[in-house]
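Data first, discussion second: the structure below is written as structure tokens.
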Amino acid sequence: LTIWDPCVVSVWSSQCLTNCLIIRGRFIKENVEFSLANVYAPCSGVGRVRLWQELSGVLQHHGQTAWCVLGDFNAIRSSEERKSRVHMLEVLSEETNAFNQFIDANSLIDLPLCGRKFTWYSSDGRAMSRLDRFFLSDDWVSCMPNCIQTALPRTVSDHCPVVLAVDDQNWGPRPLRMMKCWSDIDGYSDFVTDKWNSMRFSGWSGYILKEKLKKIKAELRNWHLTHTSNIEPY
Numbered sequence: 001l002t003i004w005d006p007c008v009v010s011v012w013s014s015q016c017l018t019n020c021l022i023i024r025g026r027f028i029k030e031n032v033e034f035s036l037a038n039v040y041a042p043c044s045g046v047g048r049v050r051l052w053q054e055l056s057g058v059l060q061h062h063g064q065t066a067w068c069v070l071g072d073f074n075a076i077r078s079s080e081e082r083k084s085r086v087h088m089l090e091v092l093s094e095e096t097n098a099f100n101q102f103i104d105a106n107s108l109i110d111l112p113l114c115g116r117k118f119t120w121y122s123s124d125g126r127a128m129s130r131l132d133r134f135f136l137s138d139d140w141v142s143c144m145p146n147c148i149q150t151a152l153p154r155t156v157s158d159h160c161p162v163v164l165a166v167d168d169q170n171w172g173p174r175p176l177r178m179m180k181c182w183s184d185i186d187g188y189s190d191f192v193t194d195k196w197n198s199m200r201f202s203g204w205s206g207y208i209l210k211e212k213l214k215k216i217k218a219e220l221r222n223w224h225l226t227h228t229s230n231i232e233p234y
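What follows is the structure, encoded as structure tokens:
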């Protein structure tokens, strides 16, 4: 279920996938266009992989927009996001790898979770996981750079509500986020070395280092757009 305030958001299209509802619209006050995917992932690993593939196709087809992918993913990124007496390490590793590959292939930003470590709890309180979260695209973070996600106290549901909000505090320029897949792409190391060695700045050493880092950051953003858009998620 996705609802919105028409005084705040103008929505002009929607799309239903098997386990996902996508809307596209605009934040009226900010005049920012966006796409939002509300996910309720299946419990089976096979079903989740099918969803990651289907959703990847949509994200890459409509890549040049501010994306927010949110919901109950029924998956964790690492063993630290689950606490349980039952351990299925091989299955867990395979499923977390598939989930992380989906995130990396689509350049999604996983914000830290404030408020608590887990978002789902079993009825007896012995098992808990972080299943619910918001993922943001680079374009979304560029438009709204101070987003934070917070897990609220659990009430009726076995899941905690998770809220995405914009923190007005200015933390300075957004840092460059390095992608694990970059080092696997032919020419990456040579590109960085050549760009770094070709830069010429005058001044004291601290200033030169700052300017070179700022320049290589911009070069890597452009390189990322031209070299990673067609990477297969699996």
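Anchor point for the sequence shown: position 186 equals 186 in UniProt numbering, and the numbering is continuous, going up by one each time. Just so you know, even glycine gets a beta-carbon here, dropped at the ideal spot from N, CA and C.
For residue i, which residues of its own chain have a beta-carbon under 7 Å away from its beta-carbon, when the five flanking residues on both sides are left out?
| i | result |
| --- | --- |
| Gln15 | Ile22 |
| Val166 | Met144, Asn146, Cys147 |
| Lys195 | Ile216, Glu219 |
| Asn10 | Checking the sequence, you will find Ser at residue 10 rather than Asn. So the list reads Gly25, Arg26, Ile28, once near-sequence residues are dropped. |
| Thr65 | Glu33, Phe34, Ser35, Asp139 |
| Trp4 | Val11 |
| Ser205 | none |
| Val156 | none |
| Met199 | Lys212, Lys215 |
| Lys180 | Asp104 |
Is residue i helix, strand or coil when you go by DSSP?
| i | result |
| --- | --- |
| residue 237 | It is not possible to answer for residue 237, since the shown part of the chain is limited to 1 through 234. |
| Ala151 | strand |
| Ile22 | strand |
| Phe191 | helix |
| Ser35 | strand |
| Arg48 | helix |
| Leu109 | For the record, residue 109 in the displayed sequence is Ile; it is not Leu. Of the three classes helix, strand and coil, the one that applies to Ile109 here is strand, per DSSP. |
| Phe201 | coil |
| Phe158 | Correcting the residue identity first, residue 158 is Asp in this sequence and not Phe. Three-state DSSP puts Asp158 in coil, outside helix and strand. |
| Trp182 | helix |
| Trp120 | strand |
| Ser78 | coil |
| Cys143 | helix |
| Pro233 | Low local confidence applies: a pLDDT of 46 at Pro233 is under 50, so the model's placement there is unreliable, and no value is given. |
Identify the continuous alpha helix (DSSP H) that holds residue i and give its terminal residues.
| i | result |
| --- | --- |
| Leu17 | Run containing Leu17: none in the alpha helix (DSSP H); it sits in the beta strand (DSSP E), 9 to 17. |
| Ser137 | Segment: none, Ser137 is in no alpha helix (DSSP H) and carries neither H nor E. |
| Leu225 | 205 to 227 |
Quick check on the burial criterion: 16 or more other C-beta atoms within 10 angstroms. Buried or exposed for residue i?
| i | result |
| --- | --- |
| Ser13 | exposed |
| His224 | buried |
| Cys160 | buried |
| residue 305 | This structure does not reach residue 305, given that the chain is present from 1 up to 234, and the question cannot be answered. |
| Trp120 | buried |
| Ser137 | buried |
| Val69 | buried |
| Asn19 | buried |
| Leu152 | exposed |
| Leu59 | buried |
| Ser107 | buried |
Grab me the residues of residue i's own chain with a C-beta within less than 8 Å of its C-beta, minus the 5 sequence neighbours each way, in chain order.
| i | result |
| --- | --- |
| Phe73 | Val39, Ala41, Arg48, Phe99, Leu131, Asp132, Arg133 |
| Ser123 | Asp158 |
| Lys83 | Phe118, Ala127, Met128, Ser129 |
| Glu54 | Leu17, Thr18, Cys20 |
So residue i is in the beta strand (DSSP E); what residue range does that whole segment cover?
| i | result |
| --- | --- |
| Ala66 | 66 to 72 |
| Val166 | 162 to 166 |
Apart from the five residues on each side of it in sequence, which residues of its chain come closer than 6 Å, Cβ to Cβ, to residue i?
| i | result |
| --- | --- |
| Thr150 | Cys114, Gly115, Val163 |
| Pro233 | Residue placement at Pro233 is poorly supported in this model, since its pLDDT is 46, which falls under 50; the coordinates still yield a value, given next. Taken in chain order, the residues that qualify are Ser56, Gln101, Phe102, Ala105. |
| Glu211 | Phe201 |
| Trp182 | Tyr188 |
Would the beta-carbon of residue i be found less than 6 Å away from any heavy atom of the ligand MN?
| i | result |
| --- | --- |
| Met179 | Annotation note on the ligand MN: not contained in the displayed structure, which lists no ligands. |
Contact the stretch 41 to 60 vs the stretch 91 to 102: 3+ CB pairs below 8 Å: The stretch 41 to 60, when compared against the stretch 91 to 102, does touch it at the 8 Å Cβ threshold.
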